[in-house]
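Peer 1: Starting off with a structure, shown below.
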Amino acid sequence: MQTSIGKVDDLKMIASRYADEIRKRHLEFEQLRHLPQDLADRMARDGLYQVCTPAEYGGEELSPRVYAEIVEQLAKADASAAWCVFIGITSSFGLASAQTEEFKQILRKPGVIAAGAFAPNGRARPVTRDGRDGYLVKGRWQWGSGTRNAHWIVGGAFVVDQAGAIQLDERAKPEHLTIVFDAADVEFIDTWNVMGLQGTGSTDYAVNDVFVPAVRTIKRFGKRRSSHPIFLFPNFGILAIGIASVTLGVARATIDDFLEFAGKKVPQGNTRVLAEKQSTQSGIAKAEAALRAGRAFFYEAIDAAWSGALRGEVSTEDRRDLRLATSQAVQAAKLCVNIIYELAGGTAVYRTSDIQRRLRDVQVAGQHMMVGPGTYELVGRLLLDLPTDIEQL
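In this text, residue positions in the sequence shown follow the working numbering: the first is 1, and each later residue adds one.
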């Protein structure tokens with residue numbers, strides 16, 4: 001998989017142009033509690049939702065590093081917009097990884113957007129309709145980031161028999177399907193009243209006895225089906241990269257905002273500007289160091305894993321380091337934003353403050369289970385050479 005330098009530069013320029021618009025419209029996102037459809041549609045048509053999808057599936061076929069850089073760039077303008085783009089990227093990647101003609105046709109349609117949750121909250125009963133094999137599906141899913149803008153919505157489900165009992169697959173494990181719904185068949189439940197990432201539309205959604213043809217389902221999602229390098233890259237690593245990229249972009253924007261006003265603001269009861277206080281000088285240095293260190297490890301781990309994928313195999317060590325680096329990048333970003341919030345004083349407590357908005361966004365992003373405390377336990381067990389289940393590494 002060769003990445004064209006011209007294509008990378010073009011897509012980064014497109015992302016930069018959208019970042020300018022996103023920066024001006026971020027209040028609109030929070031008021032709507034999801035992205036405006038016009039913005040999502042244009043970003044999709046310009047390729048931002050299919051950065052990692054192979055060209056034969058209508059995508060841009062770019063590397064995980066470029067994906068991270070683009071999401072990070074968008075997050076400097078607004079975390080919610082960047083989050084929705086990363087969800088679109090990973091969802092399209094997930095459908096393409098099935099390597100079927102059905103999903104190739106879906107993804108090759110210009111401007112297509114996919115989103116959803118892979119957790120098996122649904123139940124799928126095998127049926128035949130009009131001569132087509134498929135499933136009758138019902139279920140409700142949380143964390144539907146970007147689904148309000150999507151044409152195709154993903155939901156995980158266990159296969160059940162006519163009595164509702166969960167069926168086992170050939171490995172004697174519950175049979176888990178990833179199911180792709182037409183957005184017209186999905187009901188949205190307005191649950192997204194939250195502290196941060198308010199513009200992501202990460203609402204609950206549900207289906208009730210919706211027929212889905214078998215060709216729009218994926219068995220054993222994440223199973224290797226191709227030697228294409230992007231499909232050799234860790235699936236959970238792709239997801240975690242998006243989360244970390246959002247937080248790194250938020251942290252960089254927070255520092256930049258603070259540097260702009262620290263030389264102008266005179267705190268109440270003081271005669272000197274904020275920048276002249278020793279606590280400010282020490283704090284900003286610590287924030288900058290934390291961000292740069294976290295970001296350096298992050299991109300180092302991405303590059304190592306990608307090099308392995310290009311060679312044909314990503315080692316357990318590189319997969320481990322990628323998960324550790326993404327979680328640590330999020331922690332570094334949270335620390336950075338917290339430092340700046342405290343340094344900013346009363347200015348940052350108002351809802352009109354970009355620093356306050358970014359504090360809320362980075363805290364909510366950091367709650368994602370993919371970058372949570374469990375990652376450190378998993379990595380620690382591997383470092384200590386203890387028996388460890390690495391299926392989700």
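We put the beta carbon where it would ideally sit given N, CA and C, even for glycine.
All values derive from a computational prediction rather than experimental measurement.
Looking at the unbroken beta strand (DSSP E) that takes in residue 164, where does it start and where does it end?
Peer 2: Taken as a continuous stretch (DSSP letters only), residue 164 belongs to no beta strand (DSSP E), as it is neither H nor E.
Peer 1: If you drop the 5 nearest sequence neighbours on each side, which residues of the same chain put their C-beta closer than 7 Å to that of residue 345?
Peer 2: 267
Peer 1: Based on the DSSP secondary-structure assignment, which residues constitute the bridge partners of residue 38?
Peer 2: Paired residues: none, contrary to the question.
Peer 1: With DSSP run on the structure shown, which of helix, strand or coil describes residue 157?
Peer 2: strand
Peer 1: Whole angstroms are fine: how far does the CA of residue 20 sit from the CA of residue 201?
Peer 2: 21 Å
Peer 1: Let me make sure I understand the geometry here. Which of 244, 207, 158, 229 has the alpha-carbon closest to that of residue 220?
Peer 2: 158
Peer 1: Taking just the CA atoms, how far does residue 261 sit from residue 276?
Peer 2: Approximately 12 Å between the Cα atoms of the pair.
Peer 1: Excluding the five sequence neighbours on either side, which residues of its own chain have a C-beta within less than 6 Å of the C-beta of residue 66, listed in chain order?
Peer 2: 8
Peer 1: Is the beta carbon of residue 35 closer than 9 Å to that of residue 81?
Peer 2: It is a contact, given that the beta carbons lie within the stated cut-off.
Peer 1: Around the Cβ of residue 282, are there at least 16 other Cβ atoms within 10 angstroms (buried) or fewer (exposed)?
Peer 2: Exposed, since its Cβ has fewer than 16 Cβ neighbours within 10 Å.
Peer 1: With distance defined between alpha-carbon atoms, name the residue in 163, 329, 342 nearest to residue 274.
Peer 2: Comparing Cα positions, the closest option is 342.
Peer 1: Can you have a look at residue 149 and say buried or exposed, based on whether 16 or more other CB atoms are within 10 angstroms of its CB?
Peer 2: buried
Peer 1: If you pair each beta-carbon of the region 86 to 103 with each one of the region 47 to 62, do three or more pairs fall below 8 Å?
Peer 2: yes
Peer 1: Measure the CB-CB distance between residue 104 and residue 114 and report whether it falls below 9 Å.
Peer 2: no
Peer 1: Rounded to whole angstroms, what's the CA-CA distance from residue 6 to residue 161? Just pull it up for me.
Peer 2: 52 Å
Peer 1: Taking the beta strand (DSSP E) that residue 216 falls in, what are its first and last residues?
Peer 2: Boundaries for residue 216: no beta strand (DSSP E) harbours it, and the DSSP string shows neither H nor E there.
Peer 1: Which one of 110, 69, 327 has the shortest CA to CA distance from residue 56?
Peer 2: 110
Peer 1: I'd like the ranges of any alpha helix (DSSP H) spanning at least 4 consecutive residues and lying wholly in the region 93 to 160.
Peer 2: 101 to 107
Peer 1: When you compare the CB positions of residue 180 and residue 143, do they come within less than 9 Å of one another, or not?
Peer 2: no
Peer 1: In terms of residue numbering, what span does the beta strand (DSSP E) encompassing residue 340 cover?
Peer 2: Per DSSP, residue 340 belongs to no beta strand (DSSP E); it is in the alpha helix (DSSP H), 316 to 344.
Peer 1: Under a three-way DSSP split, which group does residue 185 fall into?
Peer 2: helix
Peer 1: Where residue 12 and residue 60 are concerned, what is the direct C-alpha to C-alpha distance, given to the nearest angstrom?
Peer 2: 12 Å
Peer 1: Taking the alpha helix (DSSP H) that residue 280 falls in, what are its first and last residues?
Peer 2: 278 to 311
Peer 1: If you drop the 5 nearest sequence neighbours on each side, which residues of the same chain put their C-beta closer than 8 Å to that of residue 26?
Peer 2: 77, 78, 80, 81, 199, 357
Peer 1: Which of helix, strand or coil does DSSP assign to residue 193?
Peer 2: coil
Peer 1: Is the region 124 to 133 close to the region 209 to 220, with three or more CB pairs under 8 Å?
Peer 2: In short, these stretches touch, since the Cβ pair count reaches three.
Peer 1: DSSP beta-bridge partners for residue 211?
Peer 2: 136
Peer 1: From the DSSP output, which residues share a beta bridge with residue 179?
Peer 2: Paired residues: 155, 217.
Peer 1: Do the CB positions of residue 72 and residue 249 come within less than 9 Å of each other?
Peer 2: yes
Peer 1: May I have the straight-line CA-CA distance separating residue 107 from residue 230, to the nearest angstrom?
Peer 2: Here the alpha carbon of residue 107 sits roughly 16 Å from the alpha carbon of residue 230.
Peer 1: Quick one: Cα of residue 316 to Cα of residue 62, how far?
Peer 2: 23 Å
Peer 1: How is residue 49 classed by DSSP in three states: helix, strand or coil?
Peer 2: Under the three-state reduction of DSSP, residue 49 is assigned to coil, being neither helix nor strand.
Peer 1: Grouping DSSP H, G and I as helix and E and B as strand, with all else coil, what is residue 204?
Peer 2: Secondary structure at residue 204: strand, using DSSP grouped into helix, strand and coil.
Peer 1: Taking the CB atoms as reference points, tell me whether residue 241 and residue 302 lie closer together than 9 Å.
Peer 2: For residue 241 and residue 302, yes; Cβs fall inside 9 Å.
Peer 1: What residue does the alpha helix (DSSP H) around residue 371 start on, and which one ends it?
Peer 2: Neither: residue 371 is in no alpha helix (DSSP H) and is coded neither H nor E.
Peer 1: What span of residues does the alpha helix (DSSP H) with residue 72 cover, start to end?
Peer 2: 64 to 77
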